[in-house]
Amino acid sequence: MKKNKPFILSIVIALAVGGLSALLTRNNMSLYTDVSTPPLSPPSWVFPVVWTILFILMGISAALIYTNKTAPEPQKRSALYTYALSLLVNFFWSIIFFNLRAFLFAFLWLLLLLFLIIRTIMKYYKINKTAAYLQIPYALWVTFAGYLTFAIWWLNK
Numbered sequence: 000m001k002k003n004k005p006f007i008l009s010i011v012i013a014l015a016v017g018g019l020s021a022l023l024t025r026n027n028m029s030l031y032t033d034v035s036t037p038p039l040s041p042p043s044w045v046f047p048v049v050w051t052i053l054f055i056l057m058g059i060s061a062a063l064i065y066t067n068k069t070a071p072e073p074q075k076r077s078a079l080y081t082y083a084l085s086l087l088v089n090f091f092w093s094i095i096f097f098n099l100r101a102f103l104f105a106f107l108w109l110l111l112l113l114f115l116i117i118r119t120i121m122k123y124y125k126i127n128k129t130a131a132y133l134q135i136p137y138a139l140w141v142t143f144a145g146y147l148t149f150a151i152w153w154l155n156k
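If you count the sequence shown from 1, position 10 lands on 9 in numbering that gives the first Met the number 0, and the numbers rise without skipping.
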């Protein structure tokens, strides 16, 4: 159990960030069905499923970095700091998009998030390649979310 504790804690942290953000935006989630959406827009039920999977993968990859025995502590700390910053930016995206309805700003915020995810991948890759690879679905989904967010801004301005 002691060996699994960092993984469980890391997954719980990632899921808690996503869950709290969803909780704070739950009254405005109908926005997605109220606006014009672009081609390839998935049904709204897809988002919580995908985000849950992504948060689990993010938590596993962060735990792989945290438990790595060979990388220098400053390198691990820097990688985990970048990841934590991406979680913070991720947390605020839903609030910007759903609560503030600031679609263009939400798109620009996603660009910042994508930058941080790519930095995380690069830093993780130097420590644990598997941890880096587990972040790739997150980067791809945020890229897709960027397409959706930009298109929603464009179609509803």
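Here a beta-carbon is modelled for each residue, glycine too, at the ideal position from N, C-alpha and C.
Residue i, buried or exposed, once every other Cβ within 10 Å from all chains shown has been counted against 16
i, result
"S43", "exposed"
"F143", "exposed"
"N89", "buried"
"I52", "exposed"
"N3", "exposed"
Cβ-Cβ distance between residue i and residue j below 8 Å
i, j, result
"V141", "L107", "no"
"I120", "A138", "yes"
When the options are compared against residue i, the one with the closest alpha-carbon
i, options, result
"F96", "L79, L109 and L87", "L109"
"I59", "Q134, L99, K75 and A138", "Q134"
"T81", "I117, W153, A21 and V34", "I117"
"W153", "N127, T129, L103 and L87", "L103"
"P47", "R25, A150 and Y132", "R25"
"Y146", "T36, M28, V16 and L19", "T36"
Below-8 Å beta-carbon distance, residue i vs any chain C residue
i, result
"T119", "No chain C is part of this structure, which consists of one protein chain only."
>> Contact between the region 5-12 and the region 31-49 is defined here as three or more beta-carbon pairs at a separation below 8 Å; is this criterion met?
In response: Short answer: they don't touch.
> Could you give the uninterrupted runs of the alpha helix (DSSP H) lying entirely in the region 45-92, keeping only those of 4 residues or more?
Replying inline: DSSP assignment within the region 45-92 yields the following whole alpha helix (DSSP H) runs of 4 residues or more, N-terminal first: 45-65.
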